[in-house]
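Reading through the structure tokens given below for one structure.
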Amino acid sequence: MTASIVSSHQAGRAPALLDRAGLRAAVAGAFVKLAPQHAFKNPVMAVVWLGTLLTAGLTLAGTTAPGLGWAVTALLLVTVLFANFAEAVAEARGRGQAASLRRARKDLVARCVDPAHGGAERRVPAADLKPGDHVVVSAGEQIPADGEIVRGLATINESAVTGESAPVLREAGTDRSGVIGGTQVLSDEIVVRITAEPGHSFLDRMIALVEGANRQKTPNEIALGLLLLTMTLTFLIVVVTLPFVAGFVGARLDPLLLVALLVCLIPTTIGGLLPAIGIAGMNRALAANVLAKSGKAVEVAGDVDVLLLDKTGTITHGDRQATRFHPLAGVDRERLRDAAMLASLADPTPEGKSIVRLAREQGAQPVEPQQALFVAFSAQTRMSGVDLGADSGATPRRIRKGAADAILRHVQALGGVMPVELAARVEQVARSGATPLVVSDGGHVLGVVELSDVVKHGIKHKFAQMRAMGIRTVMITGDNPLTAAAIAAEAGVDDYIAEARPEDKLARIRQEQAGGRLVAMVGDGTNDAPALAQADLGLAMNSGTQAAKEAGNMVDLDSDPAKLLEVVEIGKQQLITRGALTTFSLANDVSKYFAILPALFAAAIPSMGALNVMQLSSPANAVLAALIFNAIIIPLLIPLALRGVRFRPAGATALLRRNMLVYGIGGVLLPFAAIKLIDLLLTAVSGA
Amino acid sequence: MTEFILVFALAIVLGWPLGRYLAAVMRGAPMRGDRPFGTIERPIYRLLGVDPAQGMGWKAYAGAFLASNLVVGVLTLIVFMTQAWLPLNPNGAPNLRWDLALHTMVSFLTNTNQQHYSGQAQLSHLAQMTGIVGLQMATPMMGLALLAATLRGLFGGRETADAAGRGRDPADLGNYWADVIRPAVRVLLPLCLLWSLALTWQGVPSTLHGGPAVVPVDASAQMAEQKIPVGPVAPMVAVKQLGSNGGGWYGPNSAVPLENPTPLSNLLEMLAIVLIPVAITFMVGAFTGRRALTALVFGTMLTMSLASTGAALWSESLSGTSGDVALMEGKEVRFGAAPSALWAAVTTQTSNGSVDAMHDSLAPLTGLVTIGNMLVNAIWGGIGCGLQQFLVYLLLGVFLAGLMTGRTPELFGRKIEAHEVKLLAALVLLQPLVLLGFTAITLALPSIAGTSNPSFHGISQVFYEYTSAFANNGSGFEGLGDATYWWNLSTTLALLLGRYPALIVPLAIAASLARKRAAPDGPGTLRIETPTFALTLIAVVLILTLLQFMPVLVLGPIADHLALRAL
């Protein structure tokens with residue numbers, strides 16, 4: 025258990041923002057980012073940075089009172105530092121995650137083999153492995169690089185990457201053949217064909233992503249950035265033209281205060297937090313054990329309209345389980361139940377275990393039959409069971425369960441007769457999409473056990489949440505329409521495709537996309553790869569094949585298809601956080617105008633005092649209070665930026681109403697109170 | 004108050020059927036009246052050599068718009084600069100100086116009607132009847148055409164019925180010529196005819212003769228005789244009111260009894276100001292096939308309109324200038340201060356710009372309301388351009404609200420991305436750049452400006468002039484010595500920058516959206532036709548305007564008000 029991503033995930037994703045070392049790194053980062061090549065990447069904060077230089081210059085030139093001049097300069101510098109700090113905190117958190125991942129990537133030596141010609145093993149450093157190489161990995165060894173099992177099966181501990189401590193089974197030729205470099209083989213020996221280029225392994229990409237090294241701005245981020253730039257330029261025009269307008273009525277405006285006004289007006293709150301929000305989105309996805317291949321993928325998740333998922337392994341457990349006993353007329357339910365349980369006691373298959381479980385649930389006593397001879401299932405007999413009292417020499421009591429025709433032959437061989445009712449019962453169960461197993465006791469047929477695919481616990485609730493968010497779920501299954509409808513109703517999906525072939529998935533995705541919808545697809549098999557690639561959001565299961573993982577734009581390390589819900593939430597949360605903080609930032613400006621404009625005109629136009637609605641103590645304090653609020657709000661909102669605005673699945677209008685109330689109206693009112701409070705503190709401190 | 008209720012009630016009752024009729028006209032499907040109107044329209048199409056059924060992409064559409072404006076503009080300019088030598092000049096008006104001719108031409112070409120001349124003295128009947136009235140007829144319909152094309156784009160292009168059924172072609176935003184000529188012939192002309200007759204009946208002059216000469220009653224005027232200038236005034240007043248034009252026959256506009264003789268003519272003229280802008284809100288739903296859209300547009304605009312009108316009436320009634328007869332200078336003395344404020348409110352809400360009181364004389368806070376109306380320029384707004392501006396706010400509102408609901412912002416199912424935001428940003432930035440830039444230059448150099456008012460009122464006056472020009476409103480804070488090279492040329496630039504980008508950029512955005520895949524409305528889609536979104540939209544309009552212009556408004560009308568209060 026090495027990965028801190030795991031510990032933070034398990035702590036309910038509300039850990040302390042940073043540890044001590046991370047904090048130190050973030051503080052250092054805040055200063056490092058003052059360098060021009062970084063500072064000018066963010067136009068909003070670049071204006072503040074230039075403003076700092078300007079006020080420092082003005083103060084040195086002696087155009088203003090040095091006390092106020094240096095105070096304003098310091099506050100502007102602190103504003104830039106706070107914004108840098110926000111970004112550095114997000115990056116430091118990413119680096120923490122990356123460090124724990126790096127521990128998994130050690131210098132390994134691989135045992136290379138040539139599968140075509142055989143021959144001796146060559147020992148090759150893992151870093152030199154190329155796609156197409158074959159390596160042998162035995163129990164206790166680490167897999168040197170990403171690949172696909174071509175021979176054998178093994179249990180593998182993937183905790184270094186996924187944080188999941190339970191070992192997983194990987195097998196050649198199945199949909200669960202992909203293995204990740206750095207994970208450990210626990211049992212058996214496998215031959216792995218390497219699929220990753222050196223330096224482009226899963227782990228490498230993950231590390232790069234969480235470090236934000238190759239983070240590209242998402243389309244929404246670019247669009248919002250343009251809007252923020254527009255507002256910044258607007259305020260620049262406002263402030264530059266103001267002294268000329270004021271000059272007409274004889275008011276000389278202090279350039280220092282004009283710079284202060286400009287910095288207060290431009291959207292520094294959102295401008296300073298925007299990079300942090302972007303990095304935090306990726307980190308949150310990873311904290312949920314989802315590896316997004318780009319920030320865009322996370323954002324797209326927020327827009328998903330339709331979710332396509334395979335029934336098997338996603339909605340249902342994917343193995344048949346006993347759900348009901350159907351006794352024939354004249355047979356006690358208890359008798360059938362007990363017989364079925366006895367016949368299954370030694371059955372190690374999931375079906376057999378589920379029969380025992382169901383019988384227990386329905387009141388059967390756990391018994392350890394004496395003198396029992398268990399008859400295992402075989403492909404020839406297609407039944408299993410138990411002979412009781414076999415040792416006593418008397419005719420044993422032969423209890424069997426199996427396919428209808430197998431039991432029929434067995435009963436007839438014992439001289440029994442086939443009840444007429446049975447055929448109808450068997451057909452009834454089969455038609456509902458379940459599998460019938462017939463149970464017999466000697467020559468008597470007792471009844472039918474219904475085996476059906478069981479819908480996962482809690483999945484209905486998840487689909488209901490998706491519906492609340494506006495996402496339609498479509499189940500894809502190979503079942504007949506009747507069964508599909510029954511399962512769809514039970515799981516609460518909105519739609520289903522029955523008797524689906526692999527190409528039907530692709531067709532359905534294209535059809536939904538042609539209708540203008542954004543489609544998410546969850547899949548794991550190689551035949552899912554085209555659909556995963558076609559879908560706007562392809563979430564591949566980590567347990568799936570390499571092809572599926574390459575095709576999708578996200579990989580779920582826990583292989584939990586319902587994880588999509590969390591991804592969608594993260595995507596939406598990221599957009600909401602940006603929108604809400606933009607609204608907040610602009611709404612704040614109203615109060616800042618009321619703080620600074622009266623201060624600006626106080627000397628030349630005394631009647632402007634009427635606009636000093638906050639009754640701030642002095643023009644200098646008014647400007648300082650506004651600037652302090654403007655600076656301090658950035659670090660105060662860092663936790664919100666990193667964790668995201670609270671999100672509850674709800675309709676768009678309800679979300680809008682809530683966010684407008686909190687961040688719009690709240691954004692107008694809060695700074696009035698805060699600036700007044702800061703002014704009172706300033707008065708108290710200065711002892712005026 | 005009666006007049007206030009009457010104007011709005013009549014505008015809504017008449018605007019509803021008119022809007023639906025307008026929608027049918029703009030859709031261009033076969034309709035009643037095709038035969039008589041067709042006989043007028045077909046020769047015009049033939050003369051222009053255009054096929055009214057031919058679809059146009061946004062570039063072709065905007066190109067046709069600009070080309071038609073250039074041709075009409077040059078012709079008008081020639082008339083203004085040669086009118087002294089042309090017929091129909093009974094009052095002997097001289098040729099206009101080039102800068103005044105240019106400003107006047109651009110002012111009327113941009114549906115603004117800002118007047119730096121006095122019509123009765125400086126323009127011949129020919130100039131009034133061709134250049135002025137011709138542009139007053141054509142330019143509002145051009146705005147309407149651009150709106151129609153933009154709306155088609157927002158919904159994926161013009162609906163075309165072909166063999167495969169109904170489809171939309173994103174490269175077909177309609178035909179510019181049909182979009183201008185159809186509503187001009189079928190809506191504006193008949194309405195103007197109706198209003199001309201009604202106004203003539205009320206006593207507005209309607210003649211081609213020069214005016215009578217009379218002996219002034221007041222001997223202190225020291226004039227032997229006064230020539231009363233008359234002419235075909237009634238038709239011009241009709242179209243100036245109906246077409247959100249505002250440029251009157253006489254310099255003082257509808258404050259002159261000859262333009263506005265009776266209380267009934269006053270009501271008719273005020274109704275005409277708001278009628279078509281209100282009707283367009285009803286047109287939108289029927290035209291786009293999205294009924295609820297009308298509810299959003301009408302509801303939002305009516306809310307803002309009632310708030311703004313209420314504020315103007317309230318401020319004027321509280322003003323120290325309203326009660327005292329001596330302080331009625333510049334107001335509509337016959338009807339009182341309240342109708343003056345009402346007219347001032349609606350004329351600035353609709354980008355009309357005709358006046359029946361001098362806005363310079365309004366209480367400072369009423370002046371603030373009129374400036375605010377023009378800064379928003381989408382509380383009804385001008386014909387076509389009002390809704391174009393509304394769409395700009397709508398896009399901004401949807402962008403912000405979309406983010407706040409956790410989805411990539413989209414309007415009518417089409418995503419708003421960096422390209423659209425870039426266009427939007429340029430348009431948003433243009434307004435403060437032009438208004439504050441010109442205001443700052445003019446105020447910094449009083450010698451070039453010739454401002455007549457000192458102090459805060461002078462700031463209001465200058466800012467008002469540029470705001471009015473940029474909003475294509477045309478009303479003025481009178482008293483400005485505005486027929487100078489500086490004013491003529493700087494406002495000409497403001498007029499152009501306020502008209503063409505505001506009409507064409509939304510069209511370009513719509514064309515870009517038309518090419519995108521439209522997502523159907525789902526439960527997660529932000530619904531814009533809700534009170535929550537409408538309030539969000541109003542908040543966006545208010546906050547944006549406030550943030551851009553609060554400092555200059557504080558130094559102008561608000562300081563003016565505070566100074567008056569301190570007296």
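Chains as they are written, first to last, in the numbering used here: chain A, 25 to 712; chain B, 4 to 570. Ideal placement from N, C-alpha and C gives every residue a C-beta, glycine not left out. Since the structure is predicted, the reported quantities are computational estimates derived from the model, not experimental observations.
Below the 8 Å Cβ cutoff, chain B contributes L432 as neighbours of L257(A), in chain order. For G440(B), the residues of chain A that pass the 8 Å Cβ criterion are I261, T265, in the order they occur in the chain. S458(B) reaches chain A at V273, counting residues in chain order whose Cβ is nearer than 7 Å. According to the DSSP assignment, I15(B) belongs to the alpha helix (DSSP H) that extends over 5–30. Taking C-beta atoms as the reference points, V217(B) and Q229(B) count as a pair closer than 8 Å. Of all residues in the segment 607–618 of chain A, only T607, L610, A611, D613, V614, Y617 place a beta-carbon less than 8 Å from a beta-carbon of chain B.
For T533(B), the chain A residues whose C-beta falls within less than 8 Å of its own C-beta are T677, listed in chain order.
The alpha-carbon of A152(B) is positioned some 20 Å away from that of L499(B). When Cβ-Cβ separations below 8 Å define contact, I423(A) makes no contact with chain B.
Judged by DSSP secondary structure, V379(B) falls within the alpha helix (DSSP H) whose first and last residues are 367–379. Excluding residues up to 5 positions away in sequence, W180 lie with their Cβ nearer than 8 Å to the Cβ of L51(B) in the same chain.
Secondary structure at R100(B): coil, using DSSP grouped into helix, strand and coil. Nearest C-alpha to G400(B) among Y488(B), Q117(B), R530(B), G159(B): R530(B). Across the set Y488(B), G409(B), A486(B), the C-alpha of G409(B) shows the shortest separation from the C-alpha of A678(A). Between the alpha carbons of G302(B) and V709(A) lies a gap of roughly 51 Å. For L550(B), the chain A residues whose Cβ falls inside 9 Å of its Cβ are M255, T258, F259, V262, L289, L610, D613, V614, Y617, in order along the chain. A Cβ-Cβ contact shorter than 8 Å links I167(A) with G206(A). With respect to chain B, the C-beta atom of F487(A) has no partner C-beta closer than 8 Å. Using a CB distance cut-off of 8 Å, I594(A) does not count as an interface residue toward chain B. Measuring C-alpha to C-alpha distances from A524(A) to each of G576(A), A623(A), L332(A) identifies L332(A) as the nearest. When C-beta atoms of the segment 419–428 of chain B are compared with those of the segment 613–626 of chain A, fewer than three pairs fall below 8 Å, so the two segments do not count as touching. Just measuring C-alpha positions, the residue of I512(B), F415(B), G292(B), P186(B) sitting nearest A421(B) is I512(B).
Per DSSP, the continuous alpha helix (DSSP H) segment holding P554(A) begins and ends at 553–558. At a cut-off of 8 Å between beta-carbon atoms, N577(A) makes no contact with chain B. Taking a beta-carbon distance threshold of 8 Å, V277(B) does not count as an interface residue toward chain A.
Per the coordinates, the alpha-carbon of Q395(A) lies some 38 Å from the alpha-carbon of L210(A). In the three-state DSSP reduction, R417(B) falls in the strand class (E or B). Within chain B, the residues whose beta carbon sits less than 9 Å from that of F671(A) are G409, listed in sequence order. Considering only beta carbons, the part of the segment 373–404 of chain B lying closer than 9 Å to chain A consists of L399, F402, L403, A404, in chain order.
Between the segment 476–487 of chain A and the segment 303–316 of chain A, the count of Cβ pairs shorter than 8 Å is below three; the stretches do not touch. DSSP places K230(B) within a strand segment (E or B) once states are collapsed to three. With a threshold of 8 Å between beta carbons, I546(B) makes contact with chain A. M553(B) has a beta carbon lying within less than 8 Å of a beta carbon in chain A.
Considering only G416(B), L446(B), T495(B), N456(B), the residue with the shortest C-alpha distance to L157(B) is G416(B). For the C-beta of N645(A), not a single chain B residue is nearer than 7 Å; the gap to the nearest is close to 20 Å.
Within the segment 505–523 of chain B, the residues whose Cβ lies closer than 8 Å to any Cβ of chain A are, in chain order, R520, A521, A522, P523.
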